[in-house]
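Notes follow the structure.
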Amino acid sequence: MTFDALKPEVNNIITNKDLSVNARLTKVCELLQENIAYYDWVGFYFKNGDKEELKLDAYAGEPTDHTIIPFGKGICGQVAVSNANFVVPDVKAQDNYIACSIFVKAEIVIPLFVNGENIGQIDIDSHTADPFSKEDEEFLEFVNEKVASIL
Numbered sequence: 000m001t002f003d004a005l006k007p008e009v010n011n012i013i014t015n016k017d018l019s020v021n022a023r024l025t026k027v028c029e030l031l032q033e034n035i036a037y038y039d040w041v042g043f044y045f046k047n048g049d050k051e052e053l054k055l056d057a058y059a060g061e062p063t064d065h066t067i068i069p070f071g072k073g074i075c076g077q078v079a080v081s082n083a084n085f086v087v088p089d090v091k092a093q094d095n096y097i098a099c100s101i102f103v104k105a106e107i108v109i110p111l112f113v114n115g116e117n118i119g120q121i122d123i124d125s126h127t128a129d130p131f132s133k134e135d136e137e138f139l140e141f142v143n144e145k146v147a148s149i150l
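In terms of numbering that gives the first Met the number 0, the sequence shown is residues 0 to 150.
What follows is the structure, encoded as structure tokens:
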């Protein structure tokens with residue numbers, strides 16, 4: 000399914016007020032993981048209260064031990080500090096990478112802003128080397144904008 004075809008699906012999930020916010024986030028993760036061949040793990044991390052760490056909220060894919068990530072650690076922790084998209088074509092080339100699975104070859108993390116504040120992020124792991132493009136970044140920014148509207 001193309002990104003353009005997925006956008007209305009994301010919107011339908013986000014605007015479904017019959018579901019809790021967490022259920023909607025989980026459904027978005029599942030939609031992306033099931034419909035984009037190289038999205039092998041999709042999750043949302045959010046700032047954990049007043050702590051300088053991220054906490055895993057909703058996800059689709061294999062369970063992970065990395066439910067708490069300190070700011071600055073790994074790709075997700077770096078995005079929490081930098082407030083910028085981070086595309087990693089080859090995770091083995093990153094010194095500050097936290098391995099979630101031996102199968103992960105690439106990662107993309109896009110910060111999620113509410114009222115200008117970075118409150119979390121969407122994190123995608125891929126078992127495919129260097130799969131992410133500018134279109135992935137733009138699509139995931141769209142997803143985060145929709146998600147921000149319900150937080």
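Ideal Cβ placement from N, Cα and C applies to all residues, glycine included. Remember, it's a predicted structure, so these values are computed and weren't measured experimentally.
Is the Cβ-Cβ distance between residue i and residue j less than 8 angstroms?
i	j	result
Leu139	Ile107	yes
Lys104	Asp89	yes
Val146	Leu24	yes
Val20	Ile101	no
Asn186	Ile123	Residue 186 falls outside the range modelled here, since the chain spans only 0 to 150, and no answer is possible.
Phe45	Glu134	no
Ile12	Leu30	yes
Asn34	Met0	yes
Roughly how many angstroms lie between the CA atoms of residue i and residue j, to the nearest whole one?
i	j	result
Ala128	Val87	9 angstroms
Gly76	Thr63	16 angstroms
His126	Asp39	6 angstroms
Phe141	Lys6	8 angstroms
Glu51	Gln120	14 angstroms
Val78	Glu116	13 angstroms
Phe70	Leu53	7 angstroms
Glu169	Tyr58	Only positions 0 to 150 of the chain appear in the structure, and residue 169 is not among them; the question remains open.
Lys91	Ile74	12 angstroms
His65	Glu136	23 angstroms
Leu111	Ala4	22 angstroms
For residue i, does the count of other Cβ atoms within 10 angstroms reach 16, so buried, or fall short, so exposed?
i	result
Gly42	buried
Asn143	buried
Phe131	buried
Val80	exposed
Ile68	buried
Report the partner residues of residue i according to the DSSP bridge assignment.
i	result
Phe45	Lys54, Gly119
Asp124	Trp40, Glu106
Val87	Glu106
Leu111	Gly119
Can you tell me where the alpha helix (DSSP H) holding residue i begins and where it ends?
i	result
Pro69	Premise fails: Pro69 lies in the beta strand (DSSP E), 67-69, not in any alpha helix (DSSP H).
Leu24	20-34
Pro62	Where Pro62 is concerned, there is no enclosing alpha helix (DSSP H), given that its DSSP letter is neither H nor E.
Ser148	Taken as a continuous stretch (DSSP letters only), Ser148 belongs to no alpha helix (DSSP H), as it is neither H nor E.
Pro130	That residue, Pro130, is in no alpha helix (DSSP H); it is neither H nor E in DSSP.
Asn11	2-13
Gln77	73-81
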